[in-house]
Amino acid sequence: MPSMKRKSFGAHEPDRLPKKSKRPNPEPKEREDPKETDSPAEELPNDEESEEQVIEVPDNGEDVPAEKSFEDLGIIESLCEACTLLGYKAPTPIQAESIPVALSGKDIIGLAETGSGKTAAFALPILQALMDAPQSLFGLVLAPTRELAYQISQQFEALGSLISVRCAVLVGGMDMVSQSIALGKKPHVIVATPGRLLDHLENTKGFNLRNLKYLVMDEADRLLDLDFGDIIDKILRIIPRERHTYLFSATMSNKVESLVRAGLKSPVRISISKSSHQTVASLLQFFLFVPHKHKDLYLLDRLNTMRGKSTIIFTRTVAETARIAYLLRALGLKAIPIHGELSQTARLGALNKFRSKFSDILVATDVAARGLDIPSVDAVINYDLPGDSKTYVHRVGRTARAGKSGRAISVVTQYDVDTWLRIENALGMKVPEETVEKDEVMLLSEAVSEAQRVAVRKMRDDRDKKGKKGVGGMARRGMGKTAKKGRDEMDRDVG
Numbered sequence: 001m002p003s004m005k006r007k008s009f010g011a012h013e014p015d016r017l018p019k020k021s022k023r024p025n026p027e028p029k030e031r032e033d034p035k036e037t038d039s040p041a042e043e044l045p046n047d048e049e050s051e052e053q054v055i056e057v058p059d060n061g062e063d064v065p066a067e068k069s070f071e072d073l074g075i076i077e078s079l080c081e082a083c084t085l086l087g088y089k090a091p092t093p094i095q096a097e098s099i100p101v102a103l104s105g106k107d108i109i110g111l112a113e114t115g116s117g118k119t120a121a122f123a124l125p126i127l128q129a130l131m132d133a134p135q136s137l138f139g140l141v142l143a144p145t146r147e148l149a150y151q152i153s154q155q156f157e158a159l160g161s162l163i164s165v166r167c168a169v170l171v172g173g174m175d176m177v178s179q180s181i182a183l184g185k186k187p188h189v190i191v192a193t194p195g196r197l198l199d200h201l202e203n204t205k206g207f208n209l210r211n212l213k214y215l216v217m218d219e220a221d222r223l224l225d226l227d228f229g230d231i232i233d234k235i236l237r238i239i240p241r242e243r244h245t246y247l248f249s250a251t252m253s254n255k256v257e258s259l260v261r262a263g264l265k266s267p268v269r270i271s272i273s274k275s276s277h278q279t280v281a282s283l284l285q286f287f288l289f290v291p292h293k294h295k296d297l298y299l300l301d302r303l304n305t306m307r308g309k310s311t312i313i314f315t316r317t318v319a320e321t322a323r324i325a326y327l328l329r330a331l332g333l334k335a336i337p338i339h340g341e342l343s344q345t346a347r348l349g350a351l352n353k354f355r356s357k358f359s360d361i362l363v364a365t366d367v368a369a370r371g372l373d374i375p376s377v378d379a380v381i382n383y384d385l386p387g388d389s390k391t392y393v394h395r396v397g398r399t400a401r402a403g404k405s406g407r408a409i410s411v412v413t414q415y416d417v418d419t420w421l422r423i424e425n426a427l428g429m430k431v432p433e434e435t436v437e438k439d440e441v442m443l444l445s446e447a448v449s450e451a452q453r454v455a456v457r458k459m460r461d462d463r464d465k466k467g468k469k470g471v472g473g474m475a476r477r478g479m480g481k482t483a484k485k486g487r488d489e490m491d492r493d494v495g
């Protein structure tokens, strides 16, 4: 790893940064007092008459050719060094098109899928501008889910490590007091889910965003799918009108278009055109046709051939996720589950164990199929097939990222044939069959049967514990199945 001299803002000097870059950045726009921003978001001023610039780039899953570097895009030396240390060999298509536009001072609409490198596409220009005009509460990133918010924060801090950039993460399910303390330390960038951010704007004494320079709305389609629209409208009324705004989304719906009109000024639309059913060339895909009653046997057989490799196993239900995790642990494998019924702390703990290689198998529902940027996943196994081809592409897209190779194996039983044929048809290809030695697989029967009994017993124990806790707790809180999902739970992914 290259040696580096670490520069620090200093514990008591939150706005201090290294010497200003020689590369010019756009002059900051004159701000208005946010208290005067009392018109509804739909009426925020916008240059309706100006023609929107559109840049469309085909994405074949590869990085931009090596002759184009981050320095060529206008990124300063210290940030280029951070990119090198993080293993960013060359800009991805969304980075290559977005970064020069952002450095020119224009608002951006970026249409790109998760895993396309879009976080660096908006983080690098913001960090470069921060180095030129240091201040606290400089940038705000809105994300739809808690896990994605933590990931974005980690990438900001990694890219800004040479200058000790500090981020605060504001999400539901976590203690507001500790978050308020983090805000009191004057972070440079806030990454938040909309509901919790609005809670702090309304209730945390001394906290405001009247000096905000940059706003990013990441995965805007999901923000609106999770009914954050009204909350985002309120946030747009509170923050300064004069700012740089970047909106990134996988799709462009009517709701997203409305958000664009409300929050962006004469934006440049950058579309990384990629078929919703396209997978990268470095991904090797296979299917495994097995009797339904022997799925666990074949799963263990494939995992035995991939010992030591990081693998995500996708299941259809929360219960099956827990069962498979118990089953594999009983067989001596380091498996950890992640699903929507875990607490926020438990979910973050599971992800950290998987990232740190403490556990090399993550058993997940589709909560992890989109939005989670987990590096260096060697393989994906679809233990249960997804119901549609788009979810299939999202799942297998967890591997073979950033130019690396990966494997995806889908378990197909006699009940899944029609679903699998629809997925193949959408992919436009015949996926080859994985070859296995049936006799060797059946030798695992005794061990798997015993592990299945252990898993069932563990599941029963979990249900008993949950039942004892749930009855009293629900009655005390006056909650029922039909209780309305509050602001604090809106950023919690389900499944």
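Start counting the sequence shown at 1; every next residue gets the next number (UniProt numbering). Yeah, the Cβ is synthetic: ideal placement off N, Cα and C, and Gly gets one too.
Annotated three-state conformation of A335 is strand, per DSSP. When the Cα atoms are used, L159 and A82 turn out to be separated by approximately 5 Å. No Cβ-Cβ contact shorter than 8 Å links Y246 with A133. Taking C-alpha positions only, L198 is separated from M131 by approximately 28 Å. Q128 is classed as buried because its beta carbon has at least 16 other beta carbons within 10 Å across all chains shown.
The alpha-carbon separation between R398 and L183 amounts to approximately 33 Å.
Runs of the beta strand (DSSP E) lying entirely within the segment 395–471, each at least 3 residues long, are 406–412 in chain order. According to the DSSP assignment, V171 belongs to no beta strand (DSSP E), since it is labelled neither H nor E. It is roughly 30 Å from the alpha-carbon of T435 to the alpha-carbon of V318. Measuring C-alpha to C-alpha distances from G139 to each of V171, Y214, S104 and V169 identifies Y214 as the nearest.
Per DSSP, reduced to three states, the secondary structure at R269 is strand.
For L142, there is no enclosing alpha helix (DSSP H); the enclosing beta strand (DSSP E) has its first and last residue at G139 to L142.
Spanning the alpha carbons of A455 and K234 requires a straight line of approximately 47 Å.
In this structure, DSSP gives S249 an extended state, which the three-state scheme calls strand. For the 8 Å CB-CB criterion, V380 and F314 form a contact. Taking the CA atoms as reference points, V393 sits about 7 Å from T279.
Boundaries for T315: no alpha helix (DSSP H) harbours it, and the DSSP string shows neither H nor E there. If you look at L284, you'll find it in the beta strand (DSSP E) that goes L283 to F289. In this structure V189 is buried. Its beta-carbon is surrounded by 16 or more other beta-carbon atoms within 10 angstroms.
In this structure, the beta-carbon distance from I163 to A121 does not fall below 8 Å.
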